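A.B. asks: Chains A and B supply the protein sequences, listed in that same order. Quick note on the numbering used here: the first sequence kicks off at 41 and runs consecutively. Quick note on the numbering used here: the second sequence kicks off at 11 and runs consecutively. Using N, Cα and C, we set each Cβ at its ideal position, and we do this for glycine too. Predicted, not measured: the structure shown is a model, and the values here were computed from it. The structure's right below; bear with me while I get my questions together.
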Amino acid sequence: MKELTDSFLNAAQTSGVQYGDIRVIERAHEGIGVKNGKVEELQRDSDSGFGVRVLHKGCWGFASSRELSPNEVARITRLAVEIAEASATLKKEDVRLVDEPVHQETWITPVQEDPFAVSIEEKLKLMLAANEEMRKVTGVTNVTTSTDCFREHQWFVNTEGSDIEQTIIEAGGGIEAVAVRGNEFQRRSYPNSFRGQYHTAGFEVVRSYDLIGNAQRIASEAVQLLDAKECPSATTTLVLDGPQLALQVHESIGHPIELDRVLGSEAAYAGMSFATLEKKGNFKYGSDIMHVTADATLPGGLGSFGFDDDGVQSQRVDIIKDGIFLDYLTNRESAHIAGNSRSNGTNRADGWNRIPIIRMTNINLEPGEGSFDDLIADTKDGVYMSTNRSWSIDDRRVNFQFGTEIAWEIVNGKLGQMLKNPNYTGITPEFWGGLDRICGPDEWVIWGTPNCGKGQPSQVAHVAHGVAPARFRNVQVGIRG
Amino acid sequence: MGNNDLYMTTDRAKKAADEILEMADAAIKASPADETEIVVFANDSALTRFANNQIHQNNFERNAEVSVRAAIGNRVAKSSGNAVTPDGMKALVEDAYRMAQVSQEDEDWAGLPKGEFEYPIKVDFFENTAVLTPEDRAKQLKGVFDLAGDAYQAAGTLSNTVVTLGVVNSHGVKTVCNTTSGKFTVLYTGSDSSGYYEDFQRDFSKMDIAALARIAIDKAEASKNPSSEVGVGKYTVVLEEEAVATMLMFLSWLGFSAKMVHDQESFLVGKMGEKITGGDITIYDDATDARTMGLPFDFEGVPKQKLMLIQNGVAEGYAHNWKTAKKDGVASTGHYIGREEPLPVNLVMSPGDKTKDELIASTDYGVLVSRFHYPNVVNPMETVITGMTRDGTFLIENGKITKGLKNFRFTQNILAALANNEGLTREQRFSSAFFGGGAVVPVAKIKDFNFSGKTDF
Chain A
41 MKELTDSFLN AAQTSGVQYG DIRVIERAHE GIGVKNGKVE ELQRDSDSGF
91 GVRVLHKGCW GFASSRELSP NEVARITRLA VEIAEASATL KKEDVRLVDE
141 PVHQETWITP VQEDPFAVSI EEKLKLMLAA NEEMRKVTGV TNVTTSTDCF
191 REHQWFVNTE GSDIEQTIIE AGGGIEAVAV RGNEFQRRSY PNSFRGQYHT
241 AGFEVVRSYD LIGNAQRIAS EAVQLLDAKE CPSATTTLVL DGPQLALQVH
291 ESIGHPIELD RVLGSEAAYA GMSFATLEKK GNFKYGSDIM HVTADATLPG
341 GLGSFGFDDD GVQSQRVDII KDGIFLDYLT NRESAHIAGN SRSNGTNRAD
391 GWNRIPIIRM TNINLEPGEG SFDDLIADTK DGVYMSTNRS WSIDDRRVNF
441 QFGTEIAWEI VNGKLGQMLK NPNYTGITPE FWGGLDRICG PDEWVIWGTP
491 NCGKGQPSQV AHVAHGVAPA RFRNVQVGIR G
Chain B
11 MGNNDLYMTT DRAKKAADEI LEMADAAIKA SPADETEIVV FANDSALTRF
61 ANNQIHQNNF ERNAEVSVRA AIGNRVAKSS GNAVTPDGMK ALVEDAYRMA
111 QVSQEDEDWA GLPKGEFEYP IKVDFFENTA VLTPEDRAKQ LKGVFDLAGD
161 AYQAAGTLSN TVVTLGVVNS HGVKTVCNTT SGKFTVLYTG SDSSGYYEDF
211 QRDFSKMDIA ALARIAIDKA EASKNPSSEV GVGKYTVVLE EEAVATMLMF
261 LSWLGFSAKM VHDQESFLVG KMGEKITGGD ITIYDDATDA RTMGLPFDFE
311 GVPKQKLMLI QNGVAEGYAH NWKTAKKDGV ASTGHYIGRE EPLPVNLVMS
361 PGDKTKDELI ASTDYGVLVS RFHYPNVVNP METVITGMTR DGTFLIENGK
411 ITKGLKNFRF TQNILAALAN NEGLTREQRF SSAFFGGGAV VPVAKIKDFN
461 FSGKTDF
């Protein structure tokens with residue numbers, strides 16, 4: 041490894057760059073999927089390579105290659121310099137980096153049971169057993185069980201002297217049942233939709249989900265939804281469960297506070313943000329009980345790590361406190377624009393062949409008080425929605441519409457009839473302004489979002505959101521096509 | 011600058027393709043599995059990204075995905091990596107073989123495709139596109155930034171890519187192709203309006219960057235001072251190409267797949283042979299149409315062929331790979347994309363006989379939509395999606411565009427929209443869809459399109 045990083049440092053020094061870094065990365069993934077008792081997916085994926093980023097003549101250049109040799113590192117570093125020189129021909133302003141201490145450290149995700157050390161046979165057995173349990177339910181059309189694990193081993197070296205070795209391990213999985221009758225399509229998932237729940241952790245988290253124990257309940261709910269009452273169209277009180285609230289945080293808080301979006305970097309693709317610079321420190325984002333943090337130091341979230349891809353140490357920062365918007369997600373390049381002297385450590389790349397950009401870490405709605413039962417008992421009428429099915433939001437992150445897999449009426453402080461095809465729509469600050477109760481720490485869970493897309497060329501980030509079920513007033517539900 | 015040693019020239023690409031076939035052939039011959047397949051998708055990709063009238067991200071990537079399927083009887087597994095070397099391929103073959111040993115029997119396994127096939131589609135390789143330097147891209151962008159002036163901010167991408175796709179299997183499939191592509195996207199954003207345009211070409215020299223940028227800024231200029239006077243409700247809309255392409259890709263994801271039909275998860279279930287859209291709507295998949303940027307074969311080496319999906323409004327077909335085709339007793343249509351669900355990815359919608367101006371002129375009161383943003387599925391079997399308009403939404407009054415409008419949220423059944431078609435343009439254009447892919451489509455006029463919400467911008 042030192043041969044490669046030395047080759048980079050020599051080439052960078054020869055080129056006279058202002059700053060440079062190299063990330064050498066090995067990645068591994070193992071995925072298993074069983075549908076209707078058949079193994080439809082059994083695969084391992086791996087890749088390795090390096091990416092070189094140079095700041096030269098005030099501009100960035102980035103180049104990467106899968107060929108791990110000192111000569112290729114030198115060639116790619118020269119190409120990165122050439123790219124930076126081309127950028128500089130149209131430069132308006134020099135890129136300026138805020139300071140970060142030099143780090144020479146090693147960091148690894150704490151795991152109890154290395155997910156790659158658990159045999160495929162054992163994983164298959166669990167997936168097949170959970171599958172079989174769901175298939176026992178009459179009326180279910182398709183059942184799927186899946187598990188994935190990921191490992192990323194990275195060496196980061198920069199021209200300032202930082203030298204960081206980091207290994208991030210993730211594991212997760214889930215079950216899904218589909219019931220179809222004519223044009224009626226209903227799906228239930230557990231612990232979360234879109235392949236389940238994920239953590240930076242070992243295989244112990246998959247065992248903890250009790251997929252087999254929940255299989256028949258989930259499949260039964262999918263079938264019951266076919267005959268359930270349609271979610272009414274109304275403006276009402278809405279209670280969201282953890283998985284749905286996590287995605288609500290993701291889309292209407294996590295993305296708008298990415299400073300690169302605010303500054304226009306994503307304008308042509310993912311869009312910009314309503315949370316413009318003058319709003320920092322004074323904008324009323326939501327109700328007084330709203331406390332949102334960005335916390336990469338939290339154990340177990342998909343946004344948990346030791347150092348970001350700027351070589352900045354992970355941090356916990358307040359984003360919204362007492363409902364007031366306080367800070368953005370920043371990197372070394374942008375922090376000073378938000379008036380910060382240090383990056384809060386959110387520059388993350390999707391592998392060795394992508395440039396780091398600002399990404400969410402663990403963006404959390406801090407807990408309130410009481411249990412879920414207390415929350416429902418305290419609600420005279422409304423709708424309780426669970427498990428995301430669909431999401432959509434505009435390019436400034438203001439107008440959103442979400443669908444969930446299932447809902448229940450709330451009548452006089454109790455859960456009533458099951459409702460199908462639930463969805464709701466809103467305007468971001470108005471919606472968060474209607475937040476009036478959040479469940480307590482016992483209900484607070486970090487939900488993984490392993491499919492966050494952004495950037496060109498496209499990058500997929502693994503991020504997370506710690507939330508507890510919460511209640512919102514005056515929400516429009518039941519939007520029809 | 012502009013050192014060609016850094017890039018994939020025609021000769022280098024040919025040499026790399028030959029080496030891929032040779033290495034894969036050797037690895038397959040040494041495989042202990044009953045059947046083995048190696049697919050290599052190698053790319054050199056450069057992308058200059060700009061925002062606020064300057065380049066802010068500027069990338070180059072050399073990568074490859076080497077994917078191996080190994081079968082022992084009916085037990086199948088996959089292993090992939092990115093080392094394009096004899097040792098790398100050998101290791102992947104061994105890994106896939108070991109996993110297949112512990113997998114379950116799959117009674118639907120059809121075996122790997124049996125070659126040799128004829129590949130009628132030939133794709134071109136343009137060296138000018140392959141060796142485009144960052145300096146070349148920057149020179150093209152200067153005019154884009156100058157055009158923005160003080161009133162607008164330009165953002166977008168200018169990219170060029172070299173792709174090598176090779177497929178070799180133990181039943182005689184052995185094929186490879188090299189091709190190039192260039193892509194330009196630009197968004198001009200002003201104080202209260204924006205306009206977007208894009209183009210794709212295999213030959214970069216055919217891309218008129220200045221003319222494309224002019225289209226985008228004209229749209230931003232025309233949509234200034236947007237009005238909020240139009241409330242939510244159902245309106246006649248004129249959907250430009252990107253909105254139509256996005257609807258077509260959603261149809262593909264929601265059901266033009268044999269696997270989804272088998273699993274009863276496609277909107278086509280029970281509707282084959284029935285009229286599901288207006289009679290003027292014909293949609294097919296056709297990699298032979300060069301505008302779709304299609305490749306000669308799919309990811310298991312089966313030749314791509316034209317596949318009718320909806321003909322004159324009637325549901326006619328869906329895509330097969332080797333495995334789903336065997337289950338239905340038909341031939342593969344060449345739509346394996348590396349996973350269980352085959353998918354059409356070279357969609358074409360037949361044109362009509364109107365011009366865009368005629369569609370607008372025939373509209374008393376309606377809305378012109380340039381683009382959709384972040385659509386997603388509300389009801390998959392009824393093909394209902396929701397999303398936003400962006401980058402140029404206009405009011406049509408008495409046959410003319412009269413002003414820009416603030417953006418809408420729509421919640422709309424796609425098949426119902428296509429049943430409400432009131433005219434298509436005779437001109438078609440390849441346009442990308444929001445979540446990837448794209449289609450060659452006309453502009454469409456549709457009545458009773460449902461705007462369910464709106465924004466204040």
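Output the boundary residues of the beta strand (DSSP E) element that contains threonine 174/B.
C.D. replies: In the second sequence, the residue the question calls residue 174/B occupies position 164. 163–179 is the span of the beta strand (DSSP E), which, as asked, contains threonine 174/B.
A.B. asks: In chain A, what lies closer than 9 Å to arginine 400/B by C-beta?
C.D. replies: Translated into positions along the second sequence, residue 400/B becomes position 390. Ordered by position in chain A, the residues that pass the 9 Å Cβ test against arginine 400/B are Gly311, Asp434, Asp435.
A.B. asks: Using a threshold of 8 Å, state whether the C-beta atoms of serine 229/A and glutamate 449/A are closer than that.
C.D. replies: For this step, residue 229/A is matched to residue 189 along the first sequence. For this step, residue 449/A is matched to residue 409 along the first sequence. Not in contact: serine 229/A and glutamate 449/A (Cβ atoms no closer than 8 Å).
A.B. asks: Looking at the unbroken alpha helix (DSSP H) that takes in alanine 27/B, where does it start and where does it end?
C.D. replies: As a position in the second sequence, residue 27/B is number 17, starting the count at 1. That run of the alpha helix (DSSP H) goes 20–39.
A.B. asks: Shorter than 8 Å from the beta carbon of asparagine 63/B to some beta carbon of chain A?
C.D. replies: Position 53 of the second sequence, counted from the start, is the residue given in the question as residue 63/B. Closer than 8 Å to some Cβ of chain A, the Cβ of asparagine 63/B qualifies, so yes.
A.B. asks: Could you say which of Asn371/A, Asn514/A, Gly222/A lies nearest to asparagine 380/A if we only look at CA atoms?
C.D. replies: Here residue 380/A refers to the residue found at position 340 when the first sequence is read from its first residue. When only C-alpha atoms are compared, the closest one is Asn371/A.
A.B. asks: Where do the ends of the alpha helix (DSSP H) carrying histidine 272/B lie?
C.D. replies: Taking the first residue of the second sequence as position 1, residue 272/B is located at position 262. Unbroken alpha helix (DSSP H) run through histidine 272/B: 268–272.
A.B. asks: How many Å lie between glycine 12/B and aspartate 146/B at the Cα?
C.D. replies: On the second sequence, position 2 is the one that residue 12/B refers to. On the second sequence, position 136 is the one that residue 146/B refers to. For glycine 12/B, the predicted structure reports a pLDDT of 46, less than 50, and the residue's modelled location is therefore unreliable. The matter cannot be settled from this model.
A.B. asks: Rounded to whole angstroms, what's the CA-CA distance from glycine 60/A to arginine 400/B? Just pull it up for me.
C.D. replies: Numbered from its first residue, the first sequence carries residue 60/A at position 20. Numbered from its first residue, the second sequence carries residue 400/B at position 390. Looking at the two C-alpha atoms, the distance is approximately 38 Å.
A.B. asks: Does the pairing of the segment 351–358 of chain B with the segment 260–273 of chain B give three or more beta-carbon distances under 8 Å?
C.D. replies: Result yes; three or more Cβ-Cβ pairs closer than 8 Å.
A.B. asks: Does lysine 176/A come out as helix, strand or coil in the three-state DSSP assignment?
C.D. replies: Counted from its first residue, the first sequence places residue 176/A at position 136. If DSSP states are grouped into helix, strand and coil, lysine 176/A belongs with coil.
A.B. asks: Quick check: the segment 27–37 of chain B against the segment 190–201 of chain B, are there 3 or more CB pairs under 8 Å?
C.D. replies: Cβ pair count under 8 Å is below three, so no.
A.B. asks: Just by C-beta distance, which residues in the segment 118–139 of chain A are closer than 9 Å to chain C?
C.D. replies: The displayed structure is made up of protein chains A and B, and chain C is not among them.
A.B. asks: Are any of the Cβ atoms in chain A nearer than 8 Å to that of asparagine 468/B?
C.D. replies: This structure leaves residue 468/B out entirely; chain B is present only between 11 and 467.
A.B. asks: Is the Cβ of glycine 159/B closer than 8 Å to any Cβ of chain A?
C.D. replies: Stepping through the second sequence from its first residue, residue 159/B is reached at position 149. Judged by the 8 Å Cβ criterion, glycine 159/B is not in contact with chain A.
A.B. asks: Under 8 Å Cβ to Cβ from glutamine 422/B, same chain only, skipping five residues before and after it: list those, please.
C.D. replies: Walking along the second sequence from the start, residue 422/B turns up at place 412. Excluding sequence neighbours, glutamine 422/B sits near Val394, Ile395, Thr396, Phe459, Asn460.
A.B. asks: Since tyrosine 107/B is in the alpha helix (DSSP H), which residue starts that stretch and which ends it?
C.D. replies: Here residue 107/B refers to the residue found at position 97 when the second sequence is read from its first residue. Tyrosine 107/B -> alpha helix (DSSP H) spans 96–112.
A.B. asks: Rank Asp363/B, Pro313/B, Met318/B, Glu326/B by C-alpha distance to the C-alpha of tyrosine 346/B and give the top, closest one.
C.D. replies: By one-based count along the second sequence, residue 346/B stands at place 336. Closest by alpha carbon: Pro313/B.
A.B. asks: If distances are taken between C-alpha atoms only, which option among Ser383/A, Asp328/A, Ser233/A comes closest to arginine 429/A?
C.D. replies: Indexing the first sequence from 1 puts residue 429/A at position 389. Nearest option by C-alpha distance: Ser233/A.
A.B. asks: Counting only C-beta atoms, is leucine 82/A closer than 8 Å to chain B at any point?
C.D. replies: Reading the first sequence from its first residue, position 42 is the one you call residue 82/A. Yes - at least one Cβ of chain B is within 8 Å of the one on leucine 82/A.
A.B. asks: I believe glycine 243/B touches asparagine 431/B by the beta-carbon criterion, under 8 Å. Please report the beta-carbon distance rounded to the nearest angstrom.
C.D. replies: Position 233 of the second sequence, counted from the first residue, corresponds to residue 243/B. Position 421 of the second sequence, counted from the first residue, corresponds to residue 431/B. With a Cβ gap of about 19 Å, glycine 243/B and asparagine 431/B do not count as contacting.
A.B. asks: What are the start and end residues of the alpha helix (DSSP H) that includes threonine 139/B?
C.D. replies: Within the second sequence, numbered from 1, the residue matching residue 139/B stands at position 129. It spans 137–140 - the alpha helix (DSSP H) in which threonine 139/B sits, taken as one unbroken run.
A.B. asks: Around the C-beta of glutamine 163/B, are 16 or more other C-beta atoms found within 10 angstroms, so that it is buried, or is it exposed?
C.D. replies: Position 153 of the second sequence holds residue 163/B. It counts as buried.
A.B. asks: Please report the Cβ distance between valine 517/A and asparagine 463/A, rounded to the nearest whole angstrom; I am assuming they are in contact, meaning their Cβ atoms lie under 8 Å.
C.D. replies: Numbered from 1 along the first sequence, position 477 holds the residue referred to as residue 517/A. Numbered from 1 along the first sequence, position 423 holds the residue referred to as residue 463/A. About 7 Å; that satisfies the 8 Å criterion.
A.B. asks: State the beta-bridge partners of isoleucine 403/A as determined by DSSP.
C.D. replies: Translated into the one-based positions of the first sequence, residue 403/A becomes position 363. Ala334/A.
A.B. asks: Compare the C-beta of methionine 11/B with all C-beta atoms of chain A and state if any pair is closer than 8 Å.
C.D. replies: Within the second sequence, numbered from 1, the residue matching residue 11/B stands at position 1. Residue confidence is low: methionine 11/B scores 40 on pLDDT, short of 50, so the model does not pin down where it sits. Its coordinate-derived value is still stated next. Yes, because at least one Cβ of chain A sits closer than 8 Å to the Cβ of methionine 11/B.
A.B. asks: When Cβ atoms are compared, which residues of the segment 94–115 of chain A fall closer than 8 Å to chain B?
C.D. replies: Under the 8 Å Cβ criterion, the segment 94–115 of chain A contributes Cys99, Trp100, Gly101, Phe102, Ala103, Ser104, Ser105, Arg106, Glu107, Arg115.
A.B. asks: DSSP puts phenylalanine 325/B in a beta bridge; with which residues?
C.D. replies: One-based indexing of the second sequence puts residue 325/B at position 315. Position check: residue 325/B holds alanine in this sequence, whereas phenylalanine was assumed. The partner list for alanine 325/B (beta bridge, DSSP) reads Ile320/B.
A.B. asks: With 7 Å as the limit, tell me which residues of the segment 391–421 of chain B have their beta carbon closer than that to any beta carbon of chain A; keep them in chain order.
C.D. replies: Against chain A - using a Cβ distance shorter than 7 Å - the residues of the segment 391–421 of chain B are Met391, Glu392, Val394, Thr396, Gly397, Met398, Arg400, Asn417, Arg419, Thr421.
A.B. asks: Where proline 339/A and asparagine 68/B are concerned, what is the direct C-alpha to C-alpha distance, given to the nearest angstrom?
C.D. replies: The sequence position of residue 339/A within the first sequence is 299, counting from 1. The sequence position of residue 68/B within the second sequence is 58, counting from 1. Each residue's alpha carbon lies about 34 Å from the other.
A.B. asks: What does the alpha-carbon distance come out to for the pair asparagine 404/A and arginine 224/B?
C.D. replies: For the purposes of this step, residue 404/A is taken as residue 364 along the first sequence, with counting starting at 1. For the purposes of this step, residue 224/B is taken as residue 214 along the second sequence, with counting starting at 1. Their Cα atoms are separated by approximately 43 Å.
A.B. asks: Does chain B have any CB closer than 8 Å to the CB of phenylalanine 243/A?
C.D. replies: In the first sequence, counting from the first residue as 1, residue 243/A sits at position 203. False, the Cβ-Cβ gap to chain B never drops below 8 Å.
A.B. asks: Between which two residues does the alpha helix (DSSP H) containing aspartate 2/B stretch?
C.D. replies: Nothing about residue 2/B can be reported from this structure: the residues present for chain B run from 11 to 467 only.
A.B. asks: So which residues of chain B does isoleucine 395/A contact, with C-beta pairs closer than 8 Å?
C.D. replies: As a position in the first sequence, residue 395/A is number 355, starting the count at 1. Neighbours of isoleucine 395/A on chain B, chain order: Gln67, Asn69.
A.B. asks: Strictly below 9 Å CB to CB, what residues from chain A border threonine 509/B?
C.D. replies: Residue 509/B lies beyond the stretch modelled for chain B, which goes from 11 to 467, so this question has no answer here.
A.B. asks: Going by the CB atoms, is the gap between glutamate 47/B and asparagine 223/A shorter than 8 Å?
C.D. replies: Along the first sequence, one-based indexing puts residue 223/A at 183. Along the second sequence, one-based indexing puts residue 47/B at 37. Not in contact: asparagine 223/A and glutamate 47/B (Cβ atoms no closer than 8 Å).
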